[in-house]
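Scroll down for the structure; my scribbles are underneath it.
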Amino acid sequence: MSLASLADERQTRAQDMLYQQVSLMALVNSESKFEQYRSLLSQHSLSPSELKPIEHEIAQFWLSRQIPIRNSSTNHLGDPFIRAMALEPELNGYLQIQNRIRHLHWLAQQGWWQPIIIDELIRPSKKHPSIPTIAKRLWLLGDAERSATTSTLLDEKLSSALKRFQRRHGLQPDAIIGPETMKWLNVQPIERARMLANNFVLKAEFMAQRGDQFLVINIPAFEMALFSKGRVELESRVIVGKPYRPTPLLSGAISNVVINPSWRVPKKILYNDLLPHVRKDGNYIAEGNFDVFDRSNNLVVRTAQQWSDLARGPFPYRFVQRPGYNNTLGRYKFYFPNDFSIFLHDTSNPKLFERSNRALSSGCIRVENVEGLANWMAANLVKDKQTWVDRHAERTRTQWFALNSTLNVHLVYWTAWIDEHNQAQFRNDIYQLQTLNTLEDRAGAQINDL
Numbered sequence: 017m018s019l020a021s022l023a024d025e026r027q028t029r030a031q032d033m034l035y036q037q038v039s040l041m042a043l044v045n046s047e048s049k050f051e052q053y054r055s056l057l058s059q060h061s062l063s064p065s066e067l068k069p070i071e072h073e074i075a076q077f078w079l080s081r082q083i084p085i086r087n088s089s090t091n092h093l094g095d096p097f098i099r100a101m102a103l104e105p106e107l108n109g110y111l112q113i114q115n116r117i118r119h120l121h122w123l124a125q126q127g128w129w130q131p132i133i134i135d136e137l138i139r140p141s142k143k144h145p146s147i148p149t150i151a152k153r154l155w156l157l158g159d160a161e162r163s164a165t166t167s168t169l170l171d172e173k174l175s176s177a178l179k180r181f182q183r184r185h186g187l188q189p190d191a192i193i194g195p196e197t198m199k200w201l202n203v204q205p206i207e208r209a210r211m212l213a214n215n216f217v218l219k220a221e222f223m224a225q226r227g228d229q230f231l232v233i234n235i236p237a238f239e240m241a242l243f244s245k246g247r248v249e250l251e252s253r254v255i256v257g258k259p260y261r262p263t264p265l266l267s268g269a270i271s272n273v274v275i276n277p278s279w280r281v282p283k284k285i286l287y288n289d290l291l292p293h294v295r296k297d298g299n300y301i302a303e304g305n306f307d308v309f310d311r312s313n314n315l316v317v318r319t320a321q322q323w324s325d326l327a328r329g330p331f332p333y334r335f336v337q338r339p340g341y342n343n344t345l346g347r348y349k350f351y352f353p354n355d356f357s358i359f360l361h362d363t364s365n366p367k368l369f370e371r372s373n374r375a376l377s378s379g380c381i382r383v384e385n386v387e388g389l390a391n392w393m394a395a396n397l398v399k400d401k402q403t404w405v406d407r408h409a410e411r412t413r414t415q416w417f418a419l420n421s422t423l424n425v426h427l428v429y430w431t432a433w434i435d436e437h438n439q440a441q442f443r444n445d446i447y448q449l450q451t452l453n454t455l456e457d458r459a460g461a462q463i464n465d466l
């Protein structure tokens with residue numbers, strides 16, 4: 017190969033790498049310049065002077081988000097391929113996200129994503145004329161092994177592919193094709209690419225600014241991860257706030273752990289959730305182990321009928337649930353100061369963690385692997401370890417524990433990512449916070465009332 021041919025090849029490879037970068041940036045940044053750069057890089061062999069402003073904008077995109085690139089000083093590099101490599105971000109999973117976005121861009125260009133419309137639930141072992149189209153779509157998205165079938169039967173193989181697809185989208189993996197499954201099957205490839213790109217950059221920017229030890233709760237994924245020195249030490253499913261009582265996005269620092277917490281019922285929960293039960297049956301207070309206090313903090317005692325009557329009018333009292341086996345907060349509470357009275361805690365109803373949609377609380381975060389989190393904090397952060405051991409023998413005595421140092425906690429909102437198995441994961445925008453807003457509006461469920 018001649019020197020000229022080698023130089024041309026390196027120029028072509030450099031432009032391809034820059035093209036992949038600006039393709040991601042065009043999905044994230046609404047400014048037209050990155051789309052213009054994408055068009056230029058795909059159509060022409062650019063000179064060094066033409067590449068220079070593109071390279072500068074790529075570097076600024078990452079560095080403005082405090083995301084390091086391989087080499088921020090590229091002016092002295094004469095080889096365009098070396099310069100293009102130097103501009104890539106130092107991020108785990110960058111190659112995987114680029115490959116997935118490239119594939120989704122290709123899918124978007126084929127014109128295959130016409131809406132699939134069904135008018136009934138399709139269950140395993142049932143037939144439907146849309147099955148061949150659904151099978152092809154699952155294959156194109158990497159969930160099914162075969163690309164073409166004329167069978168209209170939802171057989172065992174296709175059911176397995178559907179379950180993989182449903183798990184990747186946070187749905188119940190039951191292989192039943194209903195509104196939620198159809199909604200995600202109809203999401204256009206370019207929208208998937210945009211979700212992956214936006215959330216990849218959001219997560220990268222977040223991770224670039226973190227310390228050695230922190231806790232992350234990803235709200236749309238209903239998941240918690242504890243990071244220590246770059247490694248995930250602990251993971252858990254969580255329950256977060258309902259869409260009309262959303263868990264806020266915030267950061268704080270856990271400063272105390274409580275064993276056998278009591279629960280001081282917030283006013284909103286008292287009026288919206290508890291008092292309707294009391295109106296029906298005044299025994300709800302005693303059966304729930306609640307103490308009632310007036311505004312002067314005096315304990316108030318009434319009969320069940322009196323409580324039922326009082327709950328029908330103005331109610332100048334507050335509820336405190338005593339610690340115990342049926343306490344709403346469960347065995348542990350992890351307290352961090354914030355303006356929303358949000359904290360992490362156990363639950364008296366662990367069966368709720370089996371649900372695919374776990375936006376079920378009034379704002380606080382319930383942790384499934386609460387024992388694991390408590391044990392980690394006891395081993396690493398709790399000062400008085402002997403008292404910690406002693407207090408586990410009983411369930412009715414509340415004990416606060418101070419920590420040697422606080423544990424930073426971050427409530428974040430990422431709706432798409434590439435997981436450790438190189439699988440693209442997507443989740444519903446449960447609070448409609450991201451720029452894609454509702455996928456229902458953008459892609460449509462494309463299913464009639466079932």
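The working numbering puts the first residue of the sequence shown at 17, with every later residue one more than the last. Positions of the beta carbon are idealized from the N, C-alpha and C atoms, including for glycine. Quick caveat: nothing in here was measured; it's all calculated off a predicted structure.
query                                                                                                                      : result
Cα-Cα separation, V425 to N342                                                                                             : 27 Å
9 Å Cβ cutoff met for G340 and N299                                                                                        : no
V248 burial status per 10 Å Cβ neighbour count (16 or more: buried)                                                        : exposed
Limits of the unbroken beta strand (DSSP E) element including R382                                                         : 381-383
Chain-order list of residues whose beta-carbon lies under 7 Å from that of Q321 (same chain, five-residue window excluded) : G298
7 Å CB neighbourhood of L397 in its chain, flanking five on each side removed                                              : L419, N420, S421, L423
Three-state secondary structure (DSSP) of K143                                                                             : strand
H426: first and last residue of the uninterrupted alpha helix (DSSP H) it sits in                                          : Per DSSP, H426 belongs to no alpha helix (DSSP H); it is in the beta strand (DSSP E), 415-428.
Inter-residue spacing [alpha-carbon to alpha-carbon] between L436 and F97                                                  : Looking at the sequence shown, residue 436 is not Leu but Glu. Roughly 29 Å between the two C-alpha positions.
Cα-Cα separation, A209 to M240                                                                                             : 25 Å
Length of the line joining the Cα atoms of Q82 and N365                                                                    : 42 Å
Cβ-heavy atom distance, V38 to the ligand NAP, below 8 Å                                                                   : With respect to the ligand NAP, the structure shown offers nothing to examine, as it has no ligands at all.
F181 and L218 closer than 9 Å at C-beta                                                                                    : no
Rounded straight-line distance, which links the Cα of W323 to that of R311                                                 : 16 Å
Coarse secondary structure for N288, derived from DSSP in three states                                                     : helix
Limits of the unbroken alpha helix (DSSP H) element including D435                                                         : It is not in any alpha helix (DSSP H) - D435 carries neither H nor E in the DSSP assignment.
Inter-residue Cα distance where the pair is F306 and D400                                                                  : 30 Å
Secondary structure of N464, DSSP reduced to three states                                                                  : The predicted position of N464 is uncertain, since its pLDDT is 39 and thus under 50; a value taken from the coordinates is nonetheless stated next. It is coil, neither helix nor strand.
Beta bridge counterpart(s) of V38 as assigned by DSSP                                                                      : According to DSSP, which records beta bridges pairwise, V38 is partnered with nothing at all.
Nearest to A124 (by Cα), restricted to the options Q204, G268, N391, A375                                                  : Q204
Alpha helix (DSSP H) segment containing Q321, residue limits                                                               : 320-326
Other residues of its chain near Q36: CB distance less than 6 Å, five sequence neighbours each side excluded               : Q114
Helix, strand or coil at Y447 according to DSSP, with G and I counted as helix                                             : coil
Cβ contact (3+ pairs, closer than 8 Å) linking the segment 56-63 and the segment 121-138                                   : no
CB of I193 within 9 Å of CB of A375, strictly                                                                              : no
Coil, strand or helix - R26 by DSSP                                                                                        : helix
Segment limits, beta strand (DSSP E) that includes S276                                                                    : In the sequence as displayed, the identity of residue 276 is Asn instead of Ser. Taken as a continuous stretch (DSSP letters only), N276 belongs to no beta strand (DSSP E), as it is neither H nor E.
For K199 and Q448, the rounded distance between their alpha carbons                                                        : 16 Å
Pick from L250, P69, V44, H361 that is closest to L56, judged by C-alpha positions                                         : P69
Pairwise C-alpha distance: H361 and K349                                                                                   : 4 Å
Check whether A432 and F216 have beta carbons under 9 Å apart                                                              : yes
Nearest-angstrom Cα separation, counted from A237 out to T149                                                              : 29 Å
Helix, strand or coil at Q114 according to DSSP, with G and I counted as helix                                             : helix
Inter-residue Cα distance where the pair is V281 and P292                                                                  : 14 Å
Residue range of the alpha helix (DSSP H) that includes Q204                                                               : That residue, Q204, is in no alpha helix (DSSP H); it is neither H nor E in DSSP.
Local conformation of E239 per DSSP, three classes                                                                         : strand
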